[in-house]
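Convert by adding 299 to the 1-based position in the sequence shown; the result is the number in our numbering.
Here a beta-carbon is modelled for each residue, glycine too, at the ideal position from N, C-alpha and C.
I have placed the structure first, in the form of structure tokens, so that the comments after it can refer back to it.
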Amino acid sequence: MTELSALSTENRRFDPPPELAANANVTADAYDHASKDRLAWWEVQASRLQWDRGWDRVLEWQRPYAKWFVGGELNASVNCLDRHVDAGLGDRVAFHWVGEPAGDRRDISYAELLAEVSRCANALTELGVGRGDRVCIYLPMIPEAAVAMLACARVGAAHSVVFGGFSAQALIDRITDADAKLVITSDGGYRRGAPSALKPAVDEAVLQCPSVEHVLVVRRTGQDVTWTDKDLWWSDVVDRQPATHQAQSFDAENPLFLLYTSGTTGKPKGILHTTGGYLTQVAWTHWAVFDLKPETDVYWCTADIGWVTGHSYAVYGPLANAATSVMYEGTPDAGGKDRWWSIIEEFKVSILYTAPTAIRTFMKWGDDLPGAHDLSSLRVLGSVGEPINPEAWIWYRDVIGGGRCPIVDTWWQTETGAMMISPLPGVTSCKPGSAMGPLPGIAVDVVNDAGESRKAGFLTLNEPWPSMLRGIWGDEDRYRETYWSRFEGRYFAGDGAKWDDDEVLWLLGRVDDVMNVSGHRISTTEVESALVSHPSVAEAAVVGANDATTGQAIVAFVTVKGSVADDVSSGEAFAKELRDHVAKEIGPIAKPRQILITPELPKTRSGKIMRRLLRDVAEHRELGDVTTLADPTVVNAINEKMGQQTAAPPA
Ligand code: WTA
């Protein structure tokens with residue numbers, strides 16, 4: 300509540316720079332056009348793409364299923380590559396790729412990218428992969444990652460990218476659910492100055508995934524790999540293919556990709572996106588929200604392709620708009636904590652799109668690091684993934700943007716496919732920390748429990764949008780239940796939101812059991828099931844506690860089985876073992892910051908774990924109402940123990 304009232308007193312405003320406003324791609328009349336005829340307006344945006352067959356109807360809406368640009372046909376890869384080369388832009392750089400080791404780099408033009416994607420598409424065809432298939436991509440941030448995605452799109456197969464930081468078990472779950480035929484991976488990638496292996500996780504997964512017929516392996520680090528009869532080197536299979544490929548057009552609703560994201564249960568959801576509507580909204584928002592001038596801008600989205608931001612704004616959006624992008628393989632501190640700033644200086648990056656957790660980390664590292672570099676090329680700054688606190692917003696604007704650059708705080712989700720709520724850099728007068736309001740063509744409503752419009756409550760979307768998810772892969776019931784059942788006729792986003800007195804919208808974080816750690820969605824249940832799969836653990840409760848750098852941090856409360864001796868369970872080695880176990884089950888990003896071993900968990904009389912109280916404990920707050928607890932002394936004991944536990948051990 301204190302946070303809420305603090306936000307509503309935020310009265311600072313930052314107008315668009317006059318020069319940017321005067322030349323902006325999108326002006327204020329976009330809102331009027333879109334609200335007069337929303338569908339006609341989206342049709343205009345769809346016309347920015349190259350269609351091989353025009354659509355018959357713009358929208359077919361049978362709640363909760365939407366079809367956009369019905370009857371239209373296109374190829375996403377052609378839209379990202381061929382049409383630009385045909386227009387004479389073949390020599391333009393698509394990616395300035397920067398590897399983690401110093402000096403490791405490649406500039407890839409649109410013509411070169413088209414040739415490489417064509418080879419890869421030919422290879423996919425040779426391997427029997429085509430329309431109706433799924434391909435799992437498990438790669439570091441190397442050019443082959445984008446090539447593989449676009450090659451799948453080119454042959455009509457859906458890709459399912461799995462973040463390289465996920466474990467073998469997470470890979471098994473995702474390959475199995477999607478029934479993937481092919482896995483594309485590499486020996487490894489560079490992380491923090493050293494090669495980090497990827498192939499062993501794939502080896503382990505393939506043993507348990509009979510659907511996988513082949514594994515295509517990029518040689519990146521040169522480290523030793525185990526070889527099986529399903530494995531093929533990328534260099535053996537892709538490099539010898541013809542550099543041309545005649546792409547077929549596909550229906551606007553042909554699946555483009557699946558991307559797994561955490562829900563409120565232990566099982567991740569395969570979010571399904573299709574082609575025409577997705578590409579329309581992604582391309583338009585990328586052009587409008589960043590005010591992209593493809594001839595002169597150098598754009599850098601720092602997200603990994605393992606997340607939706609990497610799909611929409613590191614691959615499909617910028618390529619559909621013929622933009623020049625930076626792609627960087629490594630961590631922000633590899634080769635010095637100013638690595639990002641030296642990249643921006645070197646390539647004269649003009650648009651930077653990153654996450655609040657990174658911004659807060661840089662704040663902690665100090666102003667001197669960016670201060671030592673010439674960042675004057677920057678003109679628009681973007682933020683995504685979690686609410687950005689006003690302090691970080693101001694720092695981003697002043698220290699990184701030199702006080703000149705508008706900040707676009709963009710709210711969206713894996714499910715929405717593209718940006719939904721965001722300022723427009725040449726139009727909106729921004730308040731620090733707010734995503735301001737819905738983009739043209741998007742309808743939002745903040746409602747109470749009963750679904751009635753209110754100033755504060757749950758964020759809902761009340762009209763279908765082109766890049767909306769088309770379902771959860773293989774689970775229609777869960778799709779209806781998760782998004783469309785809570786509020787009649789509306790999409791429930793899972794976020795809280797509030798309109799302030801100036802009709803400005805503030806996003807307030809998740810209202811369900813999903814945590815947001817460094818901008819990554821992780822469900823409490825998923826971590827709990829990982830913990831209880833450890834042989835010594837009896838029960839586990841996981842909560843997200845506020846954290847100054849990562850937004851939220853994972854705090855786990857664990858009870859151990861009677862057979863485990865006290866001196867074992869109380870030791871730091873045991874907590875470490877549990878953290879490593881979670882890393883093995885899900886991935887290092889899901890490692891709890893803190894694990895508290897406790898004799899009991901606080902439960903209601905009906906046996907429900909009181910997470911609210913555990914959150915109070917984890918955030919060192921005064922305990923809330925304990926009267927519904929079966930045994931009120933339990934939570935005091937936990938609280939005391941929390942007090943005794945010294946500083947949080949490193950993750
Ligand atoms: C949160 C990432 C506040 C939100 C694109 C959402 C944000 C979840 C913002 C989706 C923002 C994302 N302000 N919160 N600008 N952007 N979120 O699927 O809770 O990884 O529901 O998509 O991140 O995370 P996802």
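With distances taken Cα to Cα, identify the nearest neighbour of Lys883 among Asp865, Ser868, Ala500.
By 1-based counting over the sequence shown, the position of residue 883 is 584. Minimum Cα distance to Lys883 is reached at Ala500.
Once the 5 residues before and after Pro949 are set aside, which same chain residues still bring their CB inside 6 Å of it?
Locating residue 949 in the sequence shown gives position 650, where the first residue counts as 1. In this prediction, Pro949 scores a pLDDT of 40, lower than 50, which makes its location untrustworthy; the coordinate-derived value is nonetheless stated afterwards. Within the same chain, Pro949 has no close Cβ partners at all.
Distance, Cα to Cα, Leu830 vs Ala414?
As a working note, residue 830 is residue 531 in the sequence shown. As a working note, residue 414 is residue 115 in the sequence shown. Roughly 46 Å between the two C-alpha positions.
Helix, strand or coil: how does DSSP classify Gly670 here?
Taking the first residue of the sequence shown as 1, we reach residue 670 at position 371. Gly670 falls in the helix class under three-state DSSP.
Go ahead and label His585 buried or exposed: buried means 16 or more other beta carbons lie within 10 angstroms of its beta carbon, across all protein chains shown.
One-based indexing of the sequence shown puts residue 585 at position 286. It counts as buried.
When the Cα of Pro705 is compared with those of Glu309, Arg311, Leu319, Asn310, which residue comes out closest?
The residue labelled residue 705 in the question sits at position 406 within the sequence shown. Comparing Cα-Cα distances from Pro705 to each of Glu309, Arg311, Leu319, Asn310, the minimum goes to Leu319.
Could you have a look at Ala422 and say whether DSSP puts it in helix, strand or coil?
As a position in the sequence shown, residue 422 is number 123, starting the count at 1. Three-state DSSP puts Ala422 in a helix.
Quick check on the DSSP output: what are the complete alpha helix (DSSP H) runs of length 4 or more inside the segment 563–601, in order along the chain?
575–588
Identify the residues that DSSP records as bridge partners of Cys729: which are they?
Position 430 of the sequence shown, counted from the start, is the residue given in the question as residue 729. Under the DSSP definition of a beta bridge, Cys729 partners with Phe313.
Own chain partners of Ala420 with C-beta closer than 6 Å, once the 5 adjacent residues on each side are dropped:
Position 121 of the sequence shown, counted from the start, is the residue given in the question as residue 420. Excluding positions up to five away in sequence, the list reads Ala450, Arg453, Val454, His544.
Which residues bound the beta strand (DSSP E) around Trp396?
Indexing the sequence shown from 1 puts residue 396 at position 97. Run containing Trp396: 392–397, per the beta strand (DSSP E) assignment.
What is the DSSP secondary structure of Lys860, counted as helix, strand or coil?
Within the sequence shown, residue 860 is the residue found at index 561, counting from 1. Note: Lys860 maps to coil in three-state DSSP.
Range covered by the alpha helix (DSSP H) that runs through Cys451:
On the sequence shown, residue 451 is found 152 positions in, with the first residue counted as 1. Unbroken alpha helix (DSSP H) run through Cys451: 442–454.
Near the ligand WTA, which residues have their beta-carbon closer than 7 Å to a heavy atom?
Thr560, Trp606, Val607, Thr608, Ser682, Val683, Gly684, Glu685, Pro686, Ile687, Asp708, Thr709, Trp710, Trp711, Gln712, Thr713, Glu714, Ala734, Ala792, Gly793, Asp794, Leu806, Gly808, Arg809, Asn815, Gly818, His819, Arg820
By alpha-carbon positions, which one of Val597, Ala619, Asp596, Cys600 ends up nearest to Val581?
Looking up residue 581 in the sequence shown gives position 282. Considering only alpha carbons, the answer is Ala619.
Between Leu760, Glu871, Asp794, Cys600, which lies nearest to Val743 when the distance is taken from Cα to Cα?
What you label residue 743 is simply residue 444 of the sequence shown in a count that begins at 1. The shortest Cα separation from Val743 among Leu760, Glu871, Asp794, Cys600 belongs to Leu760.
Grab me the residues of Gly463's own chain with a C-beta within less than 7 Å of its C-beta, minus the 5 sequence neighbours each way, in chain order.
Locating residue 463 in the sequence shown gives position 164, where the first residue counts as 1. If we look at Gly463 and ignore the five residues flanking it on each side, its Cβ neighbours are Tyr437, Leu438, Pro439, Gly488, Leu497, Gly605.
Candidates Ser376, Gly575, Asp390, of which the one nearest Leu358 by Cα
Counting from 1 along the sequence shown, the entry for residue 358 is found at position 59. The residue with the shortest Cα to Cα distance from Leu358 is Gly575.
Looking only at its own chain, which residues have a Cβ that is under 8 Å from the Cβ of Glu787, when we skip the five neighbours before and after it?
Working through the sequence shown from its first residue, we reach residue 787 at position 488. Closer than 8 Å at the Cβ level, and outside the excluded window around Glu787, lie Gly750.
Going by DSSP in three states, Pro494 sits in which element: helix, strand or coil?
As a working note, residue 494 is residue 195 in the sequence shown. Strand at Pro494.
Count the other CB atoms within 10 Å of the CB of Pro931; is the residue buried (16 or more) or exposed (fewer)?
If you number the sequence shown from 1, residue 931 lands on position 632. By the Cβ-count criterion, Pro931 is exposed, with fewer than 16 other Cβ atoms from all chains shown falling within 10 Å of its own Cβ.
Separation of Met735 from Ala305, as counted between CA atoms:
Position 6 of the sequence shown, counted from the start, is the residue given in the question as residue 305. Position 436 of the sequence shown, counted from the start, is the residue given in the question as residue 735. At Ala305 the pLDDT is 49, less than 50, meaning the model places this residue with poor confidence; the figure from the coordinates comes in the next sentence. About 16 Å.
On the criterion of 16 or more Cβ atoms from any shown chain inside 10 Å, does His919 qualify as buried, or is it exposed?
Here residue 919 corresponds to residue number 620 of the sequence shown, with the count starting at 1. Residue environment: His919 is assigned as exposed (fewer than 16 neighbouring CB atoms within 10 Å of its CB, all protein chains considered).
If contact is defined by three or more beta carbon pairs under 8 Å, each pair taking one atom from either stretch, is the segment 622–634 in contact with the segment 384–402?
yes
State buried or exposed for Glu714, treating a residue as buried only when at least 16 other CB atoms are found within 10 Å of its CB.
Taking the first residue of the sequence shown as position 1, residue 714 is located at position 415. It counts as buried.
So does the segment 474–483 actually touch the segment 506–524, counting three or more Cβ pairs closer than 8 Å?
The segment 474–483 is in contact with the segment 506–524.
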